[in-house]
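The structure under discussion appears below in the form of structure tokens.
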Amino acid sequence: TAAMDAQPDWESLGAPKRAEILRRVADRYEANAFEAFALLAREAGKTLIDSVAEMREAVDFLRYYADEAERAGDNCVARGVIVCISPWNFPLAIFPGQIAAALAAGNAVIAKPAEQTPLIASRATAWMREAGVPGSVIQFLPGEGSGIGASLTADSRIGGVCFTGSTDTAHVINRQLAEAAPDALLIAETGGMNAMIVDSTALLEQATRDIVRSAFQSSGQRCSSLRALYVQADVEAELVQMLEGAIDTLVIGDPRRIETDIGPVIDAEAHEGITAYIDAQAAAGRVIKRMPVPANGFFVPPTLIRVNGIEDVEREVFGPVLHLAPFDGDQIDQVIEEVNAKGFGLTFGLHSRIDRRVQRILDRINVGNVYVNRDQVGAVVGSQPFGGHGLSGTGPKAGGPNYLSRLCIGPRRPSEVHLPGRAVATREIKEAIEHLASKPVPKPAKRMELIRASLREGSTANVSAMAAVAAGPLDLPGPTGESNQLDLRPKGTILCLGPGTGAIHAQAVQALATGNRVVAVSETGFQELERLSGSGLPIRVLEGSVENHASLGSLPIDAIAAASLADDARLELRKALAARDGPIVPLITELNDPIAFCNERSICIDTTASGGNAALLAESDR
-19 TAAMDAQPDW ESLGAPKRAE ILRRVADRYE ANAFEAFALL AREAGKTLID
31 SVAEMREAVD FLRYYADEAE RAGDNCVARG VIVCISPWNF PLAIFPGQIA
81 AALAAGNAVI AKPAEQTPLI ASRATAWMRE AGVPGSVIQF LPGEGSGIGA
131 SLTADSRIGG VCFTGSTDTA HVINRQLAEA APDALLIAET GGMNAMIVDS
181 TALLEQATRD IVRSAFQSSG QRCSSLRALY VQADVEAELV QMLEGAIDTL
231 VIGDPRRIET DIGPVIDAEA HEGITAYIDA QAAAGRVIKR MPVPANGFFV
281 PPTLIRVNGI EDVEREVFGP VLHLAPFDGD QIDQVIEEVN AKGFGLTFGL
331 HSRIDRRVQR ILDRINVGNV YVNRDQVGAV VGSQPFGGHG LSGTGPKAGG
381 PNYLSRLCIG PRRPSEVHLP GRAVATREIK EAIEHLASKP VPKPAKRMEL
431 IRASLREGST ANVSAMAAVA AGPLDLPGPT GESNQLDLRP KGTILCLGPG
481 TGAIHAQAVQ ALATGNRVVA VSETGFQELE RLSGSGLPIR VLEGSVENHA
531 SLGSLPIDAI AAASLADDAR LELRKALAAR DGPIVPLITE LNDPIAFCNE
581 RSICIDTTAS GGNAALLAES DR
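What the sequence shown shows, in the working numbering, is residues -19 to 602, in sequence order.
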């Protein structure tokens, strides 16, 4: 209630004033860096290098979202009260990062930190208030997730939830929201089964450095940490020898000491679970390397385990455990299929100096963050927006250009008055989806050409916005020798429900423009939709209205677009989608948001590893 009462005044301050306060918070964080480092070491077992990086990320989030708020200006209408539920593994980066984005958009925040790290979260909140964030605008509620967190996400008054944690918990939250607050937003960043491929052309010394950093830094307690390493058989023996030597150089111990590379895992429960897993693998004869660790404390040895492939790794082991699998040179496509088949989509690493192979893998791998010829941890705000899809989250990416807008409410057209058409059974929709599965999707330029040709004069479709989304990757800033791009990829198959001519047409056109296959069910606007279908675009049109919204959750779809449904239909649909297992399927209600029909992908390439930075060389020749 206090947050709801305070939110309108905070929003009315305006974006420039809110941005100014967030920048003061960033300054306050930096001024208290040493206190933060001490707390991070004591409470979370963070080494100095991890603590410095986490402070840098927190400050970057605050300043980045301040800039984004000013850029959005008055176009951003706040959702109200946002619940931010953050994890223990980044208590000084993700905690204020979620909060900063929500505050920048004009929302009030209820912050629920992980129960393992309340001290650093408490200080982080205090520094926000000291810098000018009103105390009532950010409510701090530490405690157990099963109690406080569950109560918050089951409250009908909230406007959304930003969550980082396990996939299972994300599903619980999604189902609670469907029951209590079906219009509330959910942004979830969940786990990963992150893989890396090293082929025979890789620079093995560089690959060794990047593998060790990706798998073992932060004691392997990062969402982005490397879990499964595929090594081409030709270089396996040499690389394993290098990895064993590199592991031997790691210093494990007190995280407060500057020479320490790896500190403890978070608590006794984590220590017992990871150690038991390693012991079981050792008993099965699969452990290649296991480093000794101090007897006292929750220390887990960096461990290398041999497997046949990622399918042997049944769950994410959230610690310094790396699984290694060899592959033959002609099996790379099979490896990509195995990684994609796990259903996670967070990070992926590749070490290769064959450009065509790199591009082939980029075209096929289905993850949110791809790193080429470098490590796959330590995403930089504004340069490598972070987040996955599938079992790894909902998007949008934290620290990216599409995050803040999702915390706002976009303009919505009123629902159109229409008479119900014939009842369209779920079976018909499923058959239409199956029919589309084999229909090719035109390349971006061609599909925009087909869409333009199909639109009637005077159409309200925002073609320029869709063309910008379909145009290709967005270049992001980065240091010399590094290429960073943000790519938008189609979600897959979209079910568009309108209702009404304007809504169904806007949904279908946006979904098609962004490369999706579309099934449109509508009792109006049939002629406009048929023109799209007749042009060769991958769309099937069913005239009528959905017979049973509750049954749509069983369909093989990747999103449903439906604006201004009747309350009972919207609630049925929201609950049906939330009841699904697997990836969280979104309900798209905004009428002009082509990015909602996409999955974001960040691509970071170390251009110095394969012959140098061509752009830089070209500059030097001028």
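Heads up, the beta-carbon is just placed ideally off N, CA and C, and yes, glycines get one too.
Keep in mind that this is a model prediction, so the values were computed, not measured.
Cβ-based burial, residue i [other Cβ within 10 Å; buried from 16]
i      : result
Gln507 : exposed
Arg30  : Note that residue 30 is Asp in the sequence shown, not Arg. Buried: at least 16 other Cβ atoms inside 10 Å.
Val397 : Note that Val397 has pLDDT 49, beneath the 50 cutoff, so the model's placement of it is unreliable and the number below is only indicative. It is exposed - the Cβ of Val397 has fewer than 16 other Cβ atoms within 10 Å.
Gly358 : buried
Ile238 : exposed
Arg602 : Residue placement at Arg602 is flagged as unreliable, the pLDDT there being 49, under the threshold of 50; a coordinate-derived value is accordingly withheld.
Gly514 : exposed
Ala91  : buried
Gln314 : exposed
Ser204 : buried
Glu185 : exposed
Val63  : buried
Ser198 : buried
Glu429 : exposed
Gly370 : buried
Pro457 : exposed
Gln156 : buried
Asp40  : buried
Pro272 : exposed
Within 8 Å, strictly: CB atoms of residue i and residue j
i      : j      : result
Thr504 : Leu468 : no
Asn382 : Glu580 : yes
Phe366 : Asn349 : yes
Lys386 : Ile246 : The sequence shown places Arg at residue 386, not Lys. The answer is no: Cβ separation not under 8 Å.
Thr97  : Ala24  : yes
Leu219 : Val231 : no
Ile564 : Val499 : no
Thr327 : Gly172 : yes
Glu462 : Cys584 : yes
Gly379 : Gly362 : yes
Leu42  : Leu2   : yes
Ala250 : Phe298 : yes
Gly282 : Met446 : A small fix is needed here, since residue 282 is Pro in this sequence, not Gly. It is not a contact, given that the beta carbons lie outside the stated cut-off.
Ala161 : Ser136 : yes
Leu535 : Ser434 : no
Arg497 : Pro518 : yes
Contacts around residue i, its chain only, beta-carbon distance under 6 Å, and the 5 residues preceding and following it disregarded
i       : result
Ala559  : Gly533
Ala543  : Ala483, Thr569, Leu571
Ala85   : Cys56, Ala58, Leu384, Leu387, Cys388
Pro566  : Ala539
Asn320  : Asn346
Gly140  : Arg59, Ile62, Ala164, Leu165
Ala(-1) : Ala46, Ala49, Glu50
Sequence-distant residues of the same chain with beta carbon closer than 7 Å to residue i, five excluded per side
i       : result
Ala104  : Leu72, Phe75, Pro76
Val293  : Met173, Arg207, Ala208, Val287, His303
Arg193  : Asp355, Val357
Ser146  : Thr170, Gly171
Pro(-4) : Glu50
Residue interval of the alpha helix (DSSP H) (run including residue i)
i      : result
Met176 : Where Met176 is concerned, there is no enclosing alpha helix (DSSP H), although the beta strand (DSSP E) it sits in stretches over 175 to 178.
Arg109 : 98 to 110
Arg4   : -5 to 11
Arg43  : 28 to 52
Pro76  : 74 to 84
His331 : Premise fails: His331 lies in the beta strand (DSSP E), 327 to 331, not in any alpha helix (DSSP H).
For residue i, the first and last residue of its enclosing beta strand (DSSP E)
i      : result
Gly462 : Strictly speaking, residue 462 in this sequence is Glu, with Gly absent from that position. Element bounds for Glu462: 462 to 470.
Val498 : 497 to 502
Asn349 : 349 to 352
Gln212 : 208 to 212
Ile90  : 88 to 92
Thr473 : 473 to 476
Thr283 : 283 to 286
Ser582 : 578 to 586
Sequence-distant residues of its chain with Cβ nearer than 8 Å to residue i (five each side left out)
i     : result
Asn12 : Arg103, Trp107
Supposed contact pair residue j and residue i - C-beta distance, whole angstroms, cut 8 Å
i        : j        : result
Leu557   : Ile540   : 7 Å
Thr181   : Ser332   : 6 Å
Met(-16) : Ala88    : 7 Å
Arg270   : Ala264   : Not a contact, Cβ separation roughly 13 Å.
Val501   : Ser525   : 7 Å
Ile290   : Leu302   : Incorrect: roughly 12 Å between the Cβ atoms, too far for contact.
Ser582   : Gln356   : About 11 Å; that fails the 8 Å criterion.
Val280   : Pro300   : 6 Å
Ala488   : Leu522   : No, Ala488 and Leu522 are not in contact; Cβ-Cβ is about 12 Å, not under 8 Å.
Val117   : Gln(-13) : 7 Å
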